[in-house]
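Protein sequence lines, in the order shown, are assigned to chains A and B. Residue 1546 is where the first sequence ends in my numbering, and the numbering goes up by one at each step. Residue 153 is where the second sequence ends in my numbering, and the numbering goes up by one at each step. Notes follow the structure.
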Amino acid sequence: MSNESTDQGRRGFLGTATATAVGLAAIPGLSLVALARSPDLAVDNRSRWGLLIDTSKCLTECTACTTACASENGLVSHGRPATDAQWLRKVQLKDKATGRTLSLPVGCQHCEKPPCVDVCPTGASFRRADGIVLVDKHICIGCRYCMMACPYKARSFVHEETHNQKANAPRGKGTVEACTLCVPRLDAGRLPACVEACQQEGHQAMIFGDLQDPNSAIAKRLAAVPTHQLREALNLNTGVRYQGV
Amino acid sequence: MLNIRLWVARLVMMGALLGASGLTIAAEAPCKSAVDRGNAASAGDCQAAKEKRFEGRGGKCVEDEHFMRRNHMNLILHQRDETMHKGIRTSKYSLKGCLECHTATRADGSYIPINDPGQFCESCHHFASVKIDCFECHATTPAVSPASKP
């Protein structure tokens, strides 16, 4: 394909995307992520996906997000919690001085400067142009350096042979894995499973969107209220942010 | 003198080998391709095995059959990198696409894993003695149930 026709293809896509965005903006509750990128276009750095978790709306007893994550990605328990794969987990925090308790989902924070990518000896750990940190299991050798390097304990190692995997979530013994922000769904213009589950529960504790788009719901919220990254001092510029921690 | 004897012996051996291979070809005549032979326990079973193996639905593969036999691995290798790193999810050379056409169904309508003995991928790979790595991670049946397909 010539450069000219590629450019025209992109322009056409952008035109459609903008038109769709204008249309969708009128529908409340629908995120701008509902824009499906054309499947033959490569992702680029014009968007950076991010997730904001409002801890004041996240209930201690609710596990809708982690359950949805496990069923979407075919994560099965082998009855060994210490080694079972877990892409998203609920963490309970307690301020010892005041007794205030918090519950929040923690998974891959999709750092701008991911330590897991720095240490990977094969290039399997990588950051996609749109900010999603992923493991290319085709070239992962299972050394688990990335698991050591991750400050958020976000990655899991698959110890057992896998069966009945989900078509959208290939996973196999001897490789490391973590939250992918449901990248196949995202590429199809759908929200990650955890965000969708949280919305369906009516909690609205998770806001997903493009951090670089000033009109996105997440960017507006980040501009309006104080939010934090976990382990902010590490300067990793995480894609996952927390409100009220 | 010794050299001449050695060459004569070599010629005789080559002749014998050629003769033997000619016989082999004649005996396996009903199995025209390596794939067909891979399915058959013996040459006589070849036609039966060919009929048993599920060739695919939808009529035509994404490329010519002979090209696919030799090059399918390169196509899906390229596609895997494009999908993983660039998010390009075109269906033409995707592994999911392979499964959707080439996965056979049981009498009750459920899918048979494509890497089960005698199935599309496994039968040929078994013959060629090449391990299939794909299905250590990837699903072996399509995500969509057969009932909902046309």
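For each residue, glycine too, the CB sits at the ideal point set by N, CA and C.
Outcome for residue i when other beta-carbon atoms lying within 10 angstroms are tallied against a minimum of 16
i         : result
A/Pro1515 : exposed
A/Gln1466 : buried
A/Leu1394 : exposed
A/Arg1401 : exposed
A/Ala1506 : buried
A/Thr1423 : exposed
A/Thr1399 : exposed
A/Leu1487 : buried
A/Asn1374 : buried
B/Ala44   : Summary for B/Ala44: the model assigns pLDDT 46, below 50, so the residue's position carries little reliability; its value from the coordinates is reported in the next sentence. B/Ala44 comes out exposed.
B/Gly47   : A caution first: B/Gly47 carries a pLDDT of 45, below 50, which makes its placement in the model too unreliable to give a value.
A/Met1449 : exposed
B/Ser126  : buried
Own chain residues within Cβ distance below 7 angstroms of residue i, not counting five before or after
i         : result
B/Lys95   : Val65
B/Cys124  : Ile117, Asn118, Ile135
A/Ala1365 : Ala1498, Cys1499, Glu1502
A/Cys1447 : Cys1417, Val1420, Cys1421, Ser1426, Arg1456, Val1477
A/Leu1482 : Trp1350, His1411, Ile1433, Pro1493
A/Ala1386 : Leu1376, Ser1457, Val1459, Glu1478
A/Thr1528 : Leu1353, Arg1542, Tyr1543, Gln1544
A/Thr1356 : Leu1403, Leu1405, Tyr1543, Gln1544, Gly1545, Val1546
A/Ser1348 : Asp1431, Asp1511, Gln1513, Asp1514
A/Arg1445 : Phe1458, Val1477
Spatial distance of residue i from residue j (CA atoms)
i         : j         : result
A/Asp1437 : A/Arg1472 : 11 angstroms
B/His105  : A/Ala1489 : 24 angstroms
B/Arg92   : B/Leu78   : 13 angstroms
A/Thr1367 : A/Leu1353 : 16 angstroms
A/Gly1380 : B/Leu102  : 31 angstroms
B/Val147  : A/Ile1508 : 30 angstroms
A/Ala1383 : B/Gly61   : 46 angstroms
B/Glu68   : B/Phe138  : 22 angstroms
B/Lys89   : B/Gly121  : 35 angstroms
B/Gly59   : B/Ala110  : 16 angstroms
A/Cys1496 : A/His1504 : Correcting the residue type first, residue 1496 of chain A is Val in the shown sequence and not Cys. About 10 angstroms.
A/Asp1341 : B/Gln82   : 11 angstroms
A/Ile1519 : A/Cys1363 : 22 angstroms
A/Pro1452 : A/Ser1517 : 28 angstroms
A/Ala1525 : A/Thr1361 : 25 angstroms
A/Ile1440 : A/Asp1396 : 42 angstroms
A/Ser1378 : A/Ala1470 : 16 angstroms
B/Thr143  : A/Cys1409 : 28 angstroms
B/His75   : B/Ile115  : 21 angstroms
B/Met71   : A/Lys1521 : 50 angstroms
B/Arg73   : B/Met87   : 24 angstroms
B/Ser113  : A/Arg1491 : 28 angstroms
A/Ser1372 : A/Ala1343 : 28 angstroms
B/Lys63   : B/Leu80   : 21 angstroms
Short Cβ contact (8 angstroms threshold) for residue i with residue j
i         : j         : result
A/Ser1404 : A/Cys1359 : yes
A/Ala1479 : A/Trp1350 : no
A/Leu1531 : A/Lys1414 : no
B/His141  : B/Leu98   : yes
B/Ala131  : B/Phe57   : no
A/Arg1390 : A/Val1407 : yes
Supposed close pair residue i, residue j - CB separation, criterion 8 angstroms
i         : j         : result
A/Lys1454 : A/Glu1462 : Wrong, their Cβ atoms sit about 24 angstroms apart, outside the cutoff.
A/Ser1433 : A/His1411 : According to the sequence provided, residue 1433 of chain A is Ile. The question's Ser does not apply to it. At roughly 6 angstroms, the Cβ-Cβ gap stays under 8 angstroms, so A/Ile1433 and A/His1411 are in contact.
A/Gly1540 : A/Leu1512 : 7 angstroms
B/Pro145  : A/Ala1468 : 7 angstroms
A/Val1484 : A/Leu1435 : 7 angstroms
Cβ neighbours of residue i in the same chain (closer than 8 angstroms, five flanking residues each side left out)
i         : result
A/Gly1443 : Phe1458, Gly1475, Thr1476, Val1477
B/Val133  : none
Neighbourhood of residue i by C-beta distance below 6 angstroms, restricted to the same chain and skipping five residues each side
i         : result
B/Glu85   : Ile91
A/Asp1345 : Ala1430
B/Gly100  : Ser94
Within chain C, partners of residue i - CB distance below 8 angstroms
i       : result
B/Met87 : No chain C appears in the structure shown, which is made up of the protein chains A and B.
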